[in-house]
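Numbering (my numbering), first residue to last: 40 to 253.
In this text, a Cβ means the ideal position worked out from N, Cα and C, and glycines have one as well.
Report on one structure; see the data block that follows.
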């Protein structure tokens, strides 16, 4: 009994030990002549980064183009799939930290032989069984794997957000560039039309002898 208590105590002590060093925030030295006298104020109103793109651009045509780009862009679809894979992997690895429960249900039906004088009876027996198992994570292997899977999940999610923001920026830049080209083209058409009208007037004045060729 004394030996069993020693083994249990040793197991509990080892359970607190995990493989690999814990993360420690590095100390970054600052220059001696650096100082800042800033007064920070909490901002009650949301910033531009907190707002959805549909609330920023009040242009239905641009919103429609952005929705199509986000729905059909291959890089965006790949990033979304990676987020789903990382989330599923994290759930699987995280499940190793908890006990495993197994249950089974079975039934058996028996009927007495008709060779006896009594009326054959039909009986049904139902069996329900359950078992639980749990792997003691002495060295923190499962916990480290869970942390790594969670970090990969966050990285994939932030990566998908980066792809999304980059795609939105590219589409908006191309859209506004096209609008600028259309505007300059419209101005050019108006200028050409005005000069054509001026040329017609000048031709009429010349034909009427009001002006010279110059």
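key: Spatially closest choice to residue 122 from 223, 203, 235 and 99, by CA coordinates   = 203
query = Between the C-alpha atoms of residue 223 and residue 234, what's the straight-line distance to the nearest angstrom?
reply = 16 Å
query = How should residue 105 be labelled, buried or exposed, when 16 other C-beta atoms within 10 angstroms of its C-beta is the threshold for buried?
reply = buried
task = Flag this pair as yes or no: are the beta carbons of residue 125 and residue 191 separated by less than 8 Å?
result = yes
ask   = Any idea if residue 129 is buried or exposed, counting beta-carbon neighbours within 10 angstroms, 16 or more meaning buried?
value = buried
Neighbour-count burial assignment, residue 132, 16 or more Cβ in a 10 Å radius = buried
message = Out of 186, 220 and 208, which one is the CA nearest neighbour of residue 109?
response = 208
ask   = Are residue 112 and residue 206 close, meaning C-beta to C-beta below 8 Å?
value = yes
key: Under the three-state DSSP convention, the category residue 96 falls into   = coil
query = Shortest alpha-carbon distance to residue 116 belongs to which of 195, 182, 245 and 243?
reply = 195
message = Using the Cβ count rule (16 or more neighbours within 10 Å means buried), how would you classify residue 237?
response = exposed
key: Cα-Cα separation, residue 218 to residue 99   = 14 Å
ask   = According to the neighbour-count rule (16 or more other Cβ atoms, all chains shown, within 10 Å of its Cβ), is residue 199 buried or exposed?
value = buried
key: Same chain only: Cβ atoms within 7 Å of residue 240, ignoring 5 sequence neighbours per side   = none
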